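Report on the following structure.
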Amino acid sequence: MWSRTFPRLALAAGLLAAAPACTTQDRGAAPDASAPVRPVVSPLPPLPPEGLRLSCGDAIPGTAPPPGYRTVAGAVAVPTAVLGYDRSPDGPEPAWWFAKWGLYVRAGAAAEVRVAPGWAGRARIGWGRDAMPAETVQVGPCPAASATWLVFTGGTWVSDPSCVPLVVDSGGQRVDVPVAVGTPCAGPR
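According to mature numbering (1 follows the signal peptide of the UniProt record, and there is no 0), the sequence shown holds residues -23 to -1, 1 to 166 in order.
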């Protein structure tokens, strides 16, 4: 009798021991943006001449991006709301507008954000202590002792209120991202 029951008991014990390993994460639940993760770090391409490299020292340590932001490429968060804007004396041209917003980058990640091809004459981006209008911005990887996200202050310069197409590259992923400056973007965001 013992020889027939022991294998069944061993199988039942093994199944019970494995059951706690099955979680909602196994079923594809959305990851928590505030949870610490080790981002995939892919090398960034060479910085173009009109590009800007952000200093990790300019980052403000933070936690999860606030409501009204969405995470793209697993490592960068951008605003989803229509951004307000004002005249900018620092724009590429005297009559340009500026929309202030923080660029969130996951601690330890490297990312490149750039204005989509064909938009260089209408939009520029820049963050950091001495933010200057640029077509391309690169950052990281920036370590952080306790922060899960790093925030860079700056924003977007535009010649006219626009739905500005940005391209985000991080961790081997490339994502096209619309940012609404003074006017909504059409379609899902």
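Heads up, the beta-carbon is just placed ideally off N, CA and C, and yes, glycines get one too. These figures come from a predicted structure and were not determined experimentally.
Report task. Could you have a look at C33 and say whether DSSP puts it in helix, strand or coil? Result -> helix
**Report entry** Residue environment, D146, which counts as buried when at least 16 other CB atoms sit within 10 Å
**Finding:** buried
Query raised in the report: Do you know offhand how far L127's Cα is from P56's?
Result: 15 Å
Query raised in the report: What three-state label does DSSP hand E89 in the structure shown?
Result: strand
Query raised in the report: Quick one: Cα of G132 to Cα of W78, how far?
Result: 5 Å
Requested in this report: Would you mind stating whether V92 and A100 have Cβ atoms separated by less than 8 Å?
Outcome: yes
Query - Three-way DSSP call (helix, strand, coil) for P23 in this model - result: coil
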